[in-house]
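Read through the structure below, which is laid out as structure tokens, and then see the notes.
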Amino acid sequence: MSEENTELNNEQFTKDADEMIELKKQLESQKIQLGETEDRLKRVAAEFDNYKKRSLKERDMLHSSLLADIVSSFLPILDNLEKAIETNTSDENYKQGIELVLKQFKDVLSANGVREIETVGKTFDPELHEAVSSVIDENLGEKEIKEEYRKGYIIGNKVIRHSMVIVAN
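For the sequence shown, this note's numbering assigns the number 89 to the initial residue and increments by one for each residue that follows.
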């Protein structure tokens, strides 16, 4: 019986060894599949994150563009309000009312990120300013803005309307 037991044990051992080899192969295959699945999941997550960032950026750009379009259509009204304040009038209440409306208008623009472009005393920058004339003035430096003809406005880095200026030298 000992030979028989030995043979049965050898057969069982061989069978167990074959099963172990098969299980190891399956385990390696599962590890490879898991690695590929993890890699795909990481790629999809990265693509989705990039999509969210890109769509947020596009939405912000669209918002800024629409705001700039709307603001630019109101700028002539703002110009007229500023001219109305400069006009002499005997009715102080009327003038005060116009000043309050202008202040409110500018506060709304400021709250939406709209700023006036600085001009007088600054160096001419073709990205921000439009030169309508040049003069020779010994008191001013080269390409220094002497006078502002029309105010310019900017939102963030986007110019809504260039400042019209007179440049010295």
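Quick reminder that beta carbons are idealized off the backbone N, C-alpha and C, glycines included. Keep in mind the model is a prediction, meaning the values are calculated, not measured.
Sub-8 angstroms separation of residue i and residue j beta-carbons
i, j, result
"Ile224", "Val208", "no"
"Ile165", "Gly201", "no"
"Gly240", "Ser222", "no"
"Leu197", "Val159", "yes"
"Lys231", "Val253", "no"
"Ile205", "Leu190", "no"
"Lys183", "Thr177", "yes"
"Phe136", "Leu169", "no"
Exposure label - residue i; buried when at least 16 CB within 10 Å
i, result
"Gly229", "exposed"
"Phe212", "buried"
"Ala156", "buried"
"His217", "buried"
First through last residue of the alpha helix (DSSP H) which encompasses residue i
i, result
"Val223", "Run containing Val223: none in the alpha helix (DSSP H); it sits in the beta strand (DSSP E), 217-223."
"Glu187", "180-199"
Bounding residues of the beta strand (DSSP E) (the contiguous stretch that carries residue i)
i, result
"Ile248", "246-249"
One or two residues paired with residue i in a DSSP bridge
i, result
"Tyr241", "Glu204, Arg249"
"Thr211", "Glu232"
"Ile120", "Note: Ile120 sits in no beta bridge, so no partner."
"Ala256", "Val223"
Closer than 7 angstroms: residue i CB and nearest the ligand COA heavy atom
i, result
"Leu150", "As far as ligands go, the structure on display features none, and thus does not contain the ligand COA."
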